[in-house]
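A.B. asks: Residue numbers (the numbering used here): 4 to 227.
Cβ coordinates follow ideal geometry from the N, Cα and C atoms, glycine included.
This is the structure I want to talk about, given as structure tokens.
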């Protein structure tokens, strides 16, 4: 059996697989954002049980490797659901939950960076807790959270590479397949690395630009 050399068609194959990396990253970011927003509200709640639940949720997901979480979800879901689930679904759930833990910490920190006086002023004019968050706190916290939230997208994109181990064919898995038939891993994964760089570098630069542009001093933190 002869060796098939790495060709331009292999580059096109890797680029085509990149769309699945982007799709999975988009699913995780949107889903993680929604779940993260709910966990953030629980984290800053006055109800102690909700706060402890949010703390435990974040600590569990940030204190365990993403790879382990992928395997847990893969085997857990197949244990309770008697049909073979698509790798896209399993990967999407695992990455969404993982991303939500980081989103929670970003947004919690941004909210707690708002001075206590802002909460007190809103309360003094009769605003409810939810109205304080929506109309006063969230718009200010958004400026602080924007740059790290963009940076979170970079983390998610890199994390999609681990989904190759549960059979999801994104750009890293595509690189493994190409390397397996061309026997040119250095060249193949060099191209894969360039693809990741092309995806992540602009976002990193954007995050740094936003941070410089919207930089505000962080006064004394506080939350009633």
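Buried or exposed: residue 3, going by 16 or more other Cβ atoms within 10 Å of its Cβ?
C.D. replies: The displayed coordinates of the chain run from 4 to 227. Any statement about residue 3 would go beyond what the structure contains.
A.B. asks: Sort 18, 28, 45 by Cα distance to residue 133 and report the nearest one.
C.D. replies: Locating residue 133 in the chain shown gives position 130, counting from the first residue. Closest option to residue 133, Cα to Cα, is 45.
A.B. asks: Can you find the residues in the same chain that come closer than 6 Å, C-beta to C-beta, to residue 198, ignoring five residues on each side of it along the sequence?
C.D. replies: Translated into positions along the chain shown, residue 198 becomes position 195. Same-chain partners within the cutoff: 21, 174.
A.B. asks: Between residue 47 and chain C, is the shortest Cβ-Cβ distance under 7 Å, so that the two count as touching?
C.D. replies: Note that chain C does not occur in the displayed structure, where there is just one protein chain.
A.B. asks: Consult DSSP for residue 25 and reduce its assignment to one of helix, strand or coil.
C.D. replies: In the chain shown, counting from the first residue as 1, residue 25 sits at position 22. DSSP places residue 25 in helix when its eight states are reduced to three.
A.B. asks: Once DSSP output is grouped into helix, strand and coil, what is the label at residue 18?
C.D. replies: Stepping through the chain shown from its first residue, residue 18 is reached at position 15. In the structure shown, residue 18 sits in a helix (DSSP, three-state: H, G or I).
A.B. asks: Three-state secondary structure (DSSP) at residue 12?
C.D. replies: By 1-based counting over the chain shown, the position of residue 12 is 9. If DSSP states are grouped into helix, strand and coil, residue 12 belongs with the helices.
A.B. asks: For residue 18 and residue 65, what's the separation of their Cα atoms in angstroms?
C.D. replies: Position 15 of the chain shown, counting from 1, holds the residue named residue 18. Position 62 of the chain shown, counting from 1, holds the residue named residue 65. Those two C-alpha atoms are separated by around 31 Å.
A.B. asks: Where residue 129 and residue 30 are concerned, what is the direct C-alpha to C-alpha distance, given to the nearest angstrom?
C.D. replies: Stepping through the chain shown from its first residue, residue 129 is reached at position 126. Stepping through the chain shown from its first residue, residue 30 is reached at position 27. Answer to the nearest angstrom: the Cα atoms are 39 Å apart.
A.B. asks: Can you find the residues in the same chain that come closer than 7 Å, C-beta to C-beta, to residue 153, ignoring five residues on each side of it along the sequence?
C.D. replies: Residue mapping note: residue 153 aligns to position 150 of the chain shown, counting from 1. Hits under 7 Å: 206, 209, 210, 213.
A.B. asks: Helix, strand or coil: which one does DSSP assign to residue 116?
C.D. replies: As a working mapping, residue 116 is identified with position 113 in the chain shown. DSSP, reduced to helix, strand and coil, places residue 116 outside both helices and strands of the structure shown, so it counts as coil.
A.B. asks: Can the beta-carbon of residue 61 be found less than 7 Å from the beta-carbon of residue 107?
C.D. replies: The residue given as residue 61 occupies position 58 in the chain shown. The residue given as residue 107 occupies position 104 in the chain shown. Yes, the Cβ-Cβ distance between residue 61 and residue 107 is below 7 Å.
A.B. asks: Apart from the five residues just before and just after residue 185, which ones in its own chain have a Cβ nearer than 8 Å to its Cβ?
C.D. replies: Within the chain shown, residue 185 is the residue found at index 182, counting from 1. Within the same chain, residue 185 has close Cβ partners 6, 7, 8, 9, 13, 191.
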